[in-house]
Amino acid sequence: MVRVKFVIDGHEERFENIRQRIAFDTLRRKIQQQLAFVICAVHSQEPRVRGVGCSVSEMEYEVFGCCDQMTAKARVALQVI
Ligand SMILES: [Zn+2]
């Protein structure tokens with residue numbers, strides 16, 4: 478499973494309330510589904526994603542991968558969110 482972390486208002490994985498937590502968990506699952514088949518052909522690694530922003534609808538994503546090819550592939554897969 479692809480690891481997805483959120484940084485909300487500068488705090489990593491700190492949610493204001495249960496509703497916000499559920500919203501981010503839903504978003505996390507969506508991202509994980511989108512990247513489920515993105516695995517590096519060379520290194521057999523999965524990408525990692527970090528979402529930074531202040532709400533579910535205003536996240537900017539950073540993608541980390543084992544190599545440039547993989548990172549590019551993961552970015553393409555993520556753009557459909
Ligand atoms: Zn790789």
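Count the sequence shown with our numbering and you get residues 478 to 558, in order.
The beta-carbon is built from N, C-alpha and C at its ideal position, and this holds for glycine as well.
By Cβ distance, which residues of its chain are closer than 6 Å to Val529, with the 5 residues on each side in sequence left out?
-> The sequence position of residue 529 within the sequence shown is 52, counting from 1. Closer than 6 Å at the Cβ level, and outside the excluded window around Val529, lie Val484, Glu537.
Would you mind stating whether Gly508 and Val533 have Cβ atoms separated by less than 8 Å?
-> Position 31 of the sequence shown holds residue 508. Position 56 of the sequence shown holds residue 533. Looking at the sequence itself, residue 508 is Ile, so the reference to Gly does not match. No, the Cβ-Cβ distance between Ile508 and Val533 is not below 8 Å.
Three-state secondary structure assigned by DSSP to Glu535 | Position 58 of the sequence shown holds residue 535. Three-state result, Glu535: helix.
Which two residues bound the contiguous alpha helix (DSSP H) that contains Phe501?
-> Within the sequence shown, the letter at position 24 stands for residue 501. Here the alpha helix (DSSP H) through Phe501 covers 495 to 511.
Grab the span of the alpha helix (DSSP H) containing Val553 for me, first residue to last.
-> Here residue 553 refers to the residue found at position 76 when the sequence shown is read from its first residue. 545 to 555 is the span of the alpha helix (DSSP H), which, as asked, contains Val553.
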